[in-house]
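Using the numbering used here, read the sequence shown as starting at 38 and increasing by one per residue. Glycine included, every Cβ here is placed at the ideal spot set by N, Cα and C. Given the structure is predicted, the values throughout are model-derived calculations rather than measurements.
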Amino acid sequence: MKLTAGFFIRFLFLSTLFIQAVVTTAGAAQTNKLKAVRAWPSPDNTRVVLDLSEQPDYQIHYLKHPDRLVIDLQSTTTAVDLKKVKHDGPLVNNLRESASGQKNTYRLVVDLNRASQAKIFVLPPAKPYGHRLVVDLPHNELSTTSISKPLHQQPQGRDIIIAIDAGHGGDDPGAVGKYSYEKNITLQIARRLHRIVNKQNGMSAFLIRNGDYFVDLNKRSAIARKGEADFLVSIHADGFTSTRPRGASVLVLSMRRATTEQGRWMENHEARSELIGGAGVFMQDSNNLPYLQKMVLDMSMGNSMDVGFKVGEFVVGELKQVTTLHQSKPVHASLAVLKSPDIPSILVEAGFITNRTEERLLNQAEHQNKIAQAVFKGIYKHFTQSPPQDTLFAQKKRSIKHTVRSGESLSALAERYSVGLSNLKDYNNLKSASLQVGQVLNIPPNYHLVVTPEPPRQTVPSQQPERIHKVTRGQSLSVIAAQYDMTTDSLKSFNNLSSTSLAIGQNLRIPGKYVDLPVVNANFRAESVHTVSRGQSLSLIAAQYDTTVETLKTFNKLRSTSLQVGQKLKIPATGVQPEIQQAVQIVQQTIQADRVHQVARGESLSVIAEQYGTTTGILKVFNELRSTSLQVGQKIKIPAGGGVQAPVQETVQVVQQTFQPERIHHVTRGESLSVIAEQYGTTTDTLKTFNELRSTSLRVGQKIKIPATGVQAPVQETVQVVQQTFQPERIHHVTRGESLSVIAEQYGTT
Numbered sequence: 038m039k040l041t042a043g044f045f046i047r048f049l050f051l052s053t054l055f056i057q058a059v060v061t062t063a064g065a066a067q068t069n070k071l072k073a074v075r076a077w078p079s080p081d082n083t084r085v086v087l088d089l090s091e092q093p094d095y096q097i098h099y100l101k102h103p104d105r106l107v108i109d110l111q112s113t114t115t116a117v118d119l120k121k122v123k124h125d126g127p128l129v130n131n132l133r134e135s136a137s138g139q140k141n142t143y144r145l146v147v148d149l150n151r152a153s154q155a156k157i158f159v160l161p162p163a164k165p166y167g168h169r170l171v172v173d174l175p176h177n178e179l180s181t182t183s184i185s186k187p188l189h190q191q192p193q194g195r196d197i198i199i200a201i202d203a204g205h206g207g208d209d210p211g212a213v214g215k216y217s218y219e220k221n222i223t224l225q226i227a228r229r230l231h232r233i234v235n236k237q238n239g240m241s242a243f244l245i246r247n248g249d250y251f252v253d254l255n256k257r258s259a260i261a262r263k264g265e266a267d268f269l270v271s272i273h274a275d276g277f278t279s280t281r282p283r284g285a286s287v288l289v290l291s292m293r294r295a296t297t298e299q300g301r302w303m304e305n306h307e308a309r310s311e312l313i314g315g316a317g318v319f320m321q322d323s324n325n326l327p328y329l330q331k332m333v334l335d336m337s338m339g340n341s342m343d344v345g346f347k348v349g350e351f352v353v354g355e356l357k358q359v360t361t362l363h364q365s366k367p368v369h370a371s372l373a374v375l376k377s378p379d380i381p382s383i384l385v386e387a388g389f390i391t392n393r394t395e396e397r398l399l400n401q402a403e404h405q406n407k408i409a410q411a412v413f414k415g416i417y418k419h420f421t422q423s424p425p426q427d428t429l430f431a432q433k434k435r436s437i438k439h440t441v442r443s444g445e446s447l448s449a450l451a452e453r454y455s456v457g458l459s460n461l462k463d464y465n466n467l468k469s470a471s472l473q474v475g476q477v478l479n480i481p482p483n484y485h486l487v488v489t490p491e492p493p494r495q496t497v498p499s500q501q502p503e504r505i506h507k508v509t510r511g512q513s514l515s516v517i518a519a520q521y522d523m524t525t526d527s528l529k530s531f532n533n534l535s536s537t538s539l540a541i542g543q544n545l546r547i548p549g550k551y552v553d554l555p556v557v558n559a560n561f562r563a564e565s566v567h568t569v570s571r572g573q574s575l576s577l578i579a580a581q582y583d584t585t586v587e588t589l590k591t592f593n594k595l596r597s598t599s600l601q602v603g604q605k606l607k608i609p610a611t612g613v614q615p616e617i618q619q620a621v622q623i624v625q626q627t628i629q630a631d632r633v634h635q636v637a638r639g640e641s642l643s644v645i646a647e648q649y650g651t652t653t654g655i656l657k658v659f660n661e662l663r664s665t666s667l668q669v670g671q672k673i674k675i676p677a678g679g680g681v682q683a684p685v686q687e688t689v690q691v692v693q694q695t696f697q698p699e700r701i702h703h704v705t706r707g708e709s710l711s712v713i714a715e716q717y718g719t720t721t722d723t724l725k726t727f728n729e730l731r732s733t734s735l736r737v738g739q740k741i742k743i744p745a746t747g748v749q750a751p752v753q754e755t756v757q758v759v760q761q762t763f764q765p766e767r768i769h770h771v772t773r774g775e776s777l778s779v780i781a782e783q784y785g786t787t
């Protein structure tokens, strides 16, 4: 009986171990899971990526008639619906699953339009992805990226060719912001830069990638070389572990370790991109490493690095005019995309996508255009100064010298040689516009710059009047401070408050902050008077005010150029377009200050009123007259602004010949504020201000007011200034509770 019991116990123990082993084996056989399937067609190949929970155990084989690739994943299950996987492209016809005939094996079949020798490799986890099985299917063995270069046929010389590389792409998103991927922003900016370069006479460009697909980092330089590029610019959007860093920067090649933390971050980020995007291509082509090392040591690398740094400095100089800078000088880093020894290159970080403010900017069409134009101008500046020998730019670069003669001014010479005044000053390193007879000037080549920079908007600080805020129920000091774009401490200090507690009905003083008011034109100078001093000639005075001798003679009705010490010369206004000048003249002629009229014999009040474009009633009230009777020699005050509405109306008629009225736009699905702004030829900030929007977020069906168009910006500002400033005198009847400060604030005065 004891033997039987002992045998039974041993049997039960062994059976339990066997069952556990079977269950464990069965569980192990189902450890992997196929989580997703993605396809990325490019001009050269189609990449199929399988996302798995664990490292895959796989087998592949090819089948003919029709051509297809079969992938067997051992111990793998899935719930992926292959019908929802997009696979646009010339090679892959279909993705489907099939019976493998083996237990616990998932079979994926890739139907091909023609035979292709696949390169297959496994990538380890790298955020945002886990384990991956990558299948690269070349479109054909001789497949090469198509490069479209709209070369301008020039008998004098060839185009300068710019290769534009949009960073990341395909299954490599690059830096990830809260709402967007770096790969999408870089492609948008690259396309804008591509269009700008191709508009420039003597330059042409092509894109390294023109779609959402990954291009191996080493292959990007090879594509630029195949396109015979003179220069390579790679567009990126920066990222960091913190949301605080912001600003654009330019990276140039250094064969040593990166000189800044940002450079080291970029080197690590590039290595991560290779890991995400497909280091397998590089590993498969590892036999090219000795050749690449030999090329890196070639003497041409030094020249490429030198040119890249010079262009980088120009681009940094242009970027600081349109955006915040993260680094004020080019940053050195050892990056694969910059390592081509025969093609100078730079990498432009347009801003930090991990910074919330810059992420919104980087997704706006207006800001993308500014970045693209700044990059173009930097490249353009370098090649105008140091063009390749056989190019049109080299043919146009010539040395012209001019010897200054009596009566000549810098502005007259700029007009004669069709170059900008500031360009002429910079080219000759002149600190002022004054010239001396016999001085020799170098005249720069007359290039035609297609991208016309927006005229600089000069502003003047103007303080708004102090305001009074009456506290209502539920309002706190912090809420009121936020309403007026202030801090709680500053508001507390300004009102000498001992605490943040407020009482309903309490009056708080809101300080008048300084705002920048735009000037009609950056080069605008109002008409002024110059008093001639000893030794000054008409030509010297003309040069001082950037005008000509003939202009001063005509404007002052002079018969000769002879001047006397103490003589007063009127200096005409500058920087004003003809339409604006005409509008100003109308306003100046009609809107005059208070004047005094001395009654002559035979004049009546009605005659005087008609003479000054006003009414008898206004003159009576303004002069406190009890009757219309006048005496010879009596002084009558004429109020300013008599008949103001007429000149305003006349001004509008002069400058708004093509004026369109204000319009309403109904927001449709997918539209952003930047898209709507671009559609109507305006800016995002203009629409925000005009519609009093607090953010750029829109909802479908929302009504957006589009401001009147058809008027050039400075002209429109002139009309606004006229309408806002020149208003007829008004009478205000004081109501209960009104103070002089409240009334002053209501009418925008003090």
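For residue j and residue i, believed in contact at Cβ under 8 Å, the rounded distance
i	j	result
ILE245	ALA200	6 Å
ILE701	LYS740	5 Å
ILE197	GLY239	6 Å
GLN543	VAL508	4 Å
VAL270	ASP202	7 Å
GLY211	TYR250	In fact, because the Cβ distance is near 13 Å, the residues do not count as touching under 8 Å.
ASN835	LEU577	Look at the range of the chain in this structure, 38 to 787, and you will see that residue 835 is not part of it.
Alpha-carbon to alpha-carbon, residue j and residue i
i	j	result
GLY300	GLY276	Note that GLY300 has pLDDT 49, beneath the 50 cutoff, so the model's placement of it is unreliable and no number is given.
PRO381	LYS414	17 Å
VAL779	ILE505	8 Å
GLU395	HIS404	10 Å
ILE768	THR652	17 Å
ALA781	GLY603	43 Å
VAL655	GLU661	Checking the sequence, you will find Ile at residue 655 rather than Val. Near 10 Å, if we compare the C-alpha coordinates of GLU661 and ILE655.
ASP253	GLN154	18 Å
ARG195	GLN432	10 Å
ARG133	SER291	48 Å
GLN85	LYS121	Per the sequence shown, the amino acid found at residue 85 is Val instead of Gln. Spanning the two alpha carbons is a distance of roughly 14 Å.
LYS101	ARG151	10 Å
ALA136	ASP109	10 Å
LYS438	GLY214	53 Å
GLN473	PHE430	32 Å
THR588	PRO609	8 Å
VAL624	VAL771	Low confidence applies to VAL624: its pLDDT is 48, below 50, so where it sits in the model is not reliable, and the reading given next is rough at best. If I take the Cα positions, the gap works out to 31 Å.
ASP427	VAL352	24 Å
Simplified DSSP state of residue i, which is helix, strand or coil
i	result
THR723	helix
ARG2	The structure shown does not extend to residue 2, since the chain is modelled only from 38 through 787, so no value can be given for it.
PHE277	coil
THR537	coil
LYS164	coil
PHE251	coil
VAL712	helix
GLY388	strand
GLY444	coil
GLU647	helix
THR297	With a pLDDT of 48 at THR297, under the threshold of 50, the modelled position of this residue cannot be trusted, and the question is left open.
ASP463	helix
C-beta atoms of residue i and residue j nearer than 8 Å
i	j	result
VAL74	VAL117	yes
VAL359	LYS407	yes
GLY126	THR68	no
SER286	GLN364	yes
ASP88	ARG169	yes
ALA402	GLU715	yes
LEU447	ALA580	yes
TYR417	GLN237	yes
PHE389	ARG232	no
LEU667	VAL636	yes
SER79	GLY204	no
ALA449	THR585	yes
PRO481	VAL441	no
ILE541	GLU503	no
Cβ-heavy atom distance, residue i to the ligand ADP, below 7 Å
i	result
THR568	By its list of ligands, the structure shown contains no ligand whatsoever, and the ligand ADP lies outside what it can speak to.
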